[in-house]
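J.:
Residue numbers (my numbering): 13 to 87.
1. Extract the residue ranges of the beta strand (DSSP E) inside the region 21–66, only unbroken runs of 3 or more that lie entirely within it.
2. Below 7 Å CB to CB, which residues in the same chain sit around residue 42 once its five sequence neighbours on both sides are set aside?
3. For residue 63 and residue 49, which I take to be in contact (beta-carbon distance under 8 Å), what is that distance rounded to the nearest angstrom?
4. Taking just the CA atoms, how far does residue 47 sit from residue 78?
5. Is any beta-carbon of chain D found at less than 9 Å from that of residue 58?
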């Protein structure tokens, strides 16, 4: 296998700033959502929607953070 990064990762790293914006916004809204989960009733539909939002935001923050970390380390 070659030491060259794949074309997909080159394209990801070319858009590093956009991934930083995704990371920043998702982390900001995740930090706003998490305290809200402790305030609302756990048996309500609002709790389910807020939990799904928190999980989705966490996944976006994690994946965009990993992309930024990879690009900073390898390029």
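Glycine is no exception: its CB is placed at the ideal position from the N, C-alpha and C atoms.
T.: Reading it off the structure:
1. none
2. Hits under 7 Å: 66, 69, 70, 73.
3. 7 Å
4. C-alpha separation (whole angstroms): 25 Å.
5. Here there is only one protein chain, and chain D is not present.
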